[in-house]
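Presented below is the structure to which this report refers.
In the working numbering, the protein residues as written are 831 to 932.
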């Protein structure tokens with residue numbers, strides 16, 4: 831399992847952050863994560879791991895909801911994403927797993 835969790839926050843306006851601060855932030859939060867991912871991928875692939883599309887679909891739900899919230903918040907309407915942790919359900923039953931073609 832690989833958990834991508836970036837390193838630190840830098841909270842200021844874009845124009846307030848120096849080039850050096852921005853590069854350090856990206857080196858840690860983006861390129862650090864990318865380097866760890868590339869290092870872990872050969873092992874994960876050998877184990878048959880692969881949930882990229884599922885993860886992307888869940889991220890899309892979050893992005894759409896956040897965009898909706900930004901649009902409707904001035905109208906007093908709230909949009910919220912509920913992202914619960916793991917629960918024991920039938921979600922990962924054999925029926926939900928796609929069988930290999932070959």
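The beta-carbon is built from N, C-alpha and C at its ideal position, and this holds for glycine as well. These numbers were taken from a predicted model, which means no experiment stands behind them.
query: Whole-angstrom C-beta distance between residue 870 and residue 832, which should lie under 8 Å; result: 5 Å
query: CB contact flag (residue 909, residue 899, <8 Å); result: yes
query: 8 Å Cβ cutoff met for residue 838 and residue 867; result: no
query: Rounded C-alpha distance that separates residue 919 from residue 846; result: 48 Å
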